[in-house]
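First residue of the sequence shown? That's 1 in UniProt numbering, and the numbers climb one at a time after it. One structure is given here, and the rest of the page talks about it.
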Amino acid sequence: MRTAPSRPRATRRSRCPRRRFRCSRCATWPCTTCCSLPTTRTASPPTGTASATATATVPCPTPTSCSSTGRLRRASVTSEEDDVTTPVTTLPPGPRLPAALQTYLLWRHPERFLNHCRQRYGSLFTLRAYPYGVRVDITEPADIRAVFKGDPKVFHAGEGIAAALGPMLGDHSLLRLDEEEHHRQRRPMMRPFRGETMRSHHDEIVAVVRDNMRRWPIDRPFALHPRIREITIDVIIRSVLGSQDPTRQAELRRILAEVLEMGVAEMLGWRWPVLGLYGPWRRHRRMFARLEELLHEEVRAHRRDQSADRPDVLSVLLRTSGDELTDAMIRDHLVTLLIAGYETTSTALAWTFECVVNTAGLTRTLTERVDAGDEEYVEAVVRESLRIRPIFYEVSPRRLTAPVVIGGYRLPAGTMVTPSIGMVHRSAEHYPEPDDFRPERWLGKGQQPPWFPFGGGTRRCLGADFALYEMRLTLATVMAAGELRPAPGPRDKPRPRHVVIVPSRGARVCYRPRDRAAE
Numbered sequence: 001m002r003t004a005p006s007r008p009r010a011t012r013r014s015r016c017p018r019r020r021f022r023c024s025r026c027a028t029w030p031c032t033t034c035c036s037l038p039t040t041r042t043a044s045p046p047t048g049t050a051s052a053t054a055t056a057t058v059p060c061p062t063p064t065s066c067s068s069t070g071r072l073r074r075a076s077v078t079s080e081e082d083d084v085t086t087p088v089t090t091l092p093p094g095p096r097l098p099a100a101l102q103t104y105l106l107w108r109h110p111e112r113f114l115n116h117c118r119q120r121y122g123s124l125f126t127l128r129a130y131p132y133g134v135r136v137d138i139t140e141p142a143d144i145r146a147v148f149k150g151d152p153k154v155f156h157a158g159e160g161i162a163a164a165l166g167p168m169l170g171d172h173s174l175l176r177l178d179e180e181e182h183h184r185q186r187r188p189m190m191r192p193f194r195g196e197t198m199r200s201h202h203d204e205i206v207a208v209v210r211d212n213m214r215r216w217p218i219d220r221p222f223a224l225h226p227r228i229r230e231i232t233i234d235v236i237i238r239s240v241l242g243s244q245d246p247t248r249q250a251e252l253r254r255i256l257a258e259v260l261e262m263g264v265a266e267m268l269g270w271r272w273p274v275l276g277l278y279g280p281w282r283r284h285r286r287m288f289a290r291l292e293e294l295l296h297e298e299v300r301a302h303r304r305d306q307s308a309d310r311p312d313v314l315s316v317l318l319r320t321s322g323d324e325l326t327d328a329m330i331r332d333h334l335v336t337l338l339i340a341g342y343e344t345t346s347t348a349l350a351w352t353f354e355c356v357v358n359t360a361g362l363t364r365t366l367t368e369r370v371d372a373g374d375e376e377y378v379e380a381v382v383r384e385s386l387r388i389r390p391i392f393y394e395v396s397p398r399r400l401t402a403p404v405v406i407g408g409y410r411l412p413a414g415t416m417v418t419p420s421i422g423m424v425h426r427s428a429e430h431y432p433e434p435d436d437f438r439p440e441r442w443l444g445k446g447q448q449p450p451w452f453p454f455g456g457g458t459r460r461c462l463g464a465d466f467a468l469y470e471m472r473l474t475l476a477t478v479m480a481a482g483e484l485r486p487a488p489g490p491r492d493k494p495r496p497r498h499v500v501i502v503p504s505r506g507a508r509v510c511y512r513p514r515d516r517a518a519e
């Protein structure tokens, strides 16, 4: 008769909610002092054969009540019939806080909360937060690349975007599409943001920046971020819409500034349409409806005049797509470009200037490099800014349509996976002295560290090249025209504002034109 092995002494025991196996050493359920040891079970053998034994290493689902280190170990199941080791389907560990509290921490203190989770639970951890519910955050570059390069039929990014901004973007938005439909509609959308079409906006962008700078206060502190927003709106109206009507341009500028300044409250109004009947949500819906009317007017005006070979996105779409795109589809594409290209680019530029003026000696160095026509150094400054001050810590959440192994865990279908790029960009493992602003990291032709500000794979930001081009031009134009100094007071801190991380003080600076700087 087989006797159970003796149980080792333990100062504390807790019951495991996953009653699957008995521990081969203490003969009790897991989650005692030896919960991570192999367990045994006997399968019913066929008649006339010897019994088959399968072994498994069972991860502790409640690490805080166990003597383990607090991180779930990789679990695998092996048998005599199958020598292949396969991870057990399970979710990584994560905080056991209420979902409402996790949502608050992600919205208000994303960097601090995500850093805490990584330090405590490892490179993969599970969160529960609105609007995605259960999600797995990924912080290892190799795992993030695997997600970006994964099969689009398995990694559905459109479902992740739809959960947050779906009603606003529309059913035909490129961000909401997946698989073949996404691939089919993405190809024509890429043409206006590449090559000669992109560079044809050079003079236009420089003119917009110089015109805006004429209204900047001289030798007085002011918030630069709102001024950069004005520049970005003008660039978007000209490069995306190509509006030729001055009256419509002025109204577009005014309505875009209000609609795209939406906060968390307005975003909730899109999730629950009933809120659109009341207060600020009602006003926001009316403004958005007027924006749609103006966009339809632009589409009709462009359809009447397609003879001109204009480089704006709307003209290129109408010339190359023929009758494939309906007005509703074009409207959704335009709204997507306006929302995706406005706040992101303006915030990234504001952070770039904030970092430049607050890094000792960098203002002089950058000005000298701009005067010498050193475009490589200007781009290095932009890349370093996007690294040290990411405008969002996470990009393109994907919902799995089939089980996937990531980081040693076999994540079940339906799981939302979220690449946490901010954790990579501030990692000392990949960036020595990560808190220092050093553009020199990006000079030379050596191996570049992991850098994902625009996502990756088939879901990489459509306007990434154009955004970098606009940032380089704006930075070089401003530095060539005058001198920027930090305004008195503390430096800006990252502050979440709906989907982006903005400078808390608006990137306050002092400006002096170059003709006065020599005085």
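Every residue, glycine too, gets a C-beta built ideally from N, C-alpha and C. Please read these numbers as outputs of a predicted model, since none were measured by experiment.
Pair within 8 Å by beta-carbon distance, residue i and residue j
| i | j | result |
| --- | --- | --- |
| Cys510 | Pro221 | yes |
| Val299 | Ile255 | no |
| residue 536 | Arg410 | The requested residue 536 does not occur in the structure, where the chain is confined to residues 1 to 519. |
| Tyr121 | Pro92 | yes |
| Ala207 | Ile233 | no |
| Gly422 | Leu400 | no |
| Pro434 | Arg426 | yes |
| Asp492 | Glu354 | yes |
| Gly407 | Ser315 | no |
| Val136 | Leu124 | yes |
| Thr336 | Leu175 | yes |
| Arg514 | Ala487 | no |
| Glu251 | Leu224 | no |
| Asp332 | Gly170 | yes |
| Arg485 | Val357 | yes |
| Ala481 | Arg210 | yes |
| Val378 | Leu462 | no |
Residue i (DSSP reduced to helix, strand or coil)
| i | result |
| --- | --- |
| Ile501 | strand |
| Asp515 | helix |
| Leu484 | strand |
| Pro496 | strand |
| Arg319 | helix |
| Arg331 | helix |
| Arg508 | strand |
| Asp234 | helix |
| Arg184 | helix |
| Asp171 | coil |
| Pro280 | helix |
| Ser76 | Any answer about Ser76 is weak, because its pLDDT of 31 lies below 50 and its placement is not dependable; what the coordinates show is given next. In the structure shown, Ser76 sits in a strand (DSSP, three-state: E or B). |
| Gly489 | coil |
| Phe288 | helix |
| Leu97 | coil |
| Gln249 | helix |
| Gln102 | helix |
| Glu324 | coil |
| Glu293 | helix |
| Phe193 | helix |
| Ile255 | helix |
| Leu91 | coil |
| Leu260 | coil |
| His109 | coil |
| Ser346 | helix |
Nearest-angstrom beta carbon gap, residue j and residue i [assumed within contact, 8 Å]
| i | j | result |
| --- | --- | --- |
| Phe392 | Val259 | Contact flag wrong, Cβ pair sits at about 20 Å. |
| Pro450 | Pro141 | 4 Å |
| Arg495 | Val502 | 6 Å |
| Ile236 | Leu317 | The Cβ separation is near 15 Å, so there is no contact. |
| His352 | Val381 | A small fix is needed here, since residue 352 is Thr in this sequence, not His. Their Cβ separation, rounded to whole angstroms, is 7 Å, which keeps Thr352 and Val381 in contact under 8 Å. |
| Ser239 | Val147 | Contact flag wrong, Cβ pair sits at about 31 Å. |
| Phe130 | Thr90 | Residue identity differs from the one stated: residue 130 is Tyr in this sequence, not Phe. About 23 Å; that fails the 8 Å criterion. |
| Leu443 | Glu376 | 7 Å |
| Gly456 | Arg145 | 7 Å |
| Ala328 | His172 | 6 Å |
| Leu386 | Pro453 | 4 Å |
| task | Would you list, in sequence order, the uninterrupted alpha helix (DSSP H) runs of no fewer than 4 residues that lie entirely inside the segment 111-158? | result | 141-148
| task | Scan the segment 394-473 and note each continuous beta strand (DSSP E) run of 3 residues or more that stays entirely inside, going in chain order. | result | 398-400, 404-406, 409-411, 416-419
| request: Count the CB pairs spanning the segment 463-477 and the segment 341-349 that are closer than 8 Å, and state whether there are at least three. | output: yes
| query | If you scan the segment 354-384 from start to end, which runs of the alpha helix (DSSP H) of 4 or more residues do you find wholly inside it? | reply | Qualifying alpha helix (DSSP H) stretches, in chain order: 362-371.
| task | Decide yes or no for the touch test of the segment 366-382 against the segment 390-405: beta carbon pairs closer than 8 Å, at least 3 of them. | result | Too few Cβ pairs lie closer than 8 Å, so no.
| request: Let me know the alpha helix (DSSP H) ranges lying completely inside the segment 196-226, each 4 residues or longer, listed in chain order. | output: 202-213
| query | Does the segment 435-443 come close enough to the segment 180-197 that 3 or more CB-CB pairs lie under 8 Å? | reply | The answer is no - the segment 435-443 does not touch the segment 180-197, with fewer than three Cβ pairs under 8 Å.
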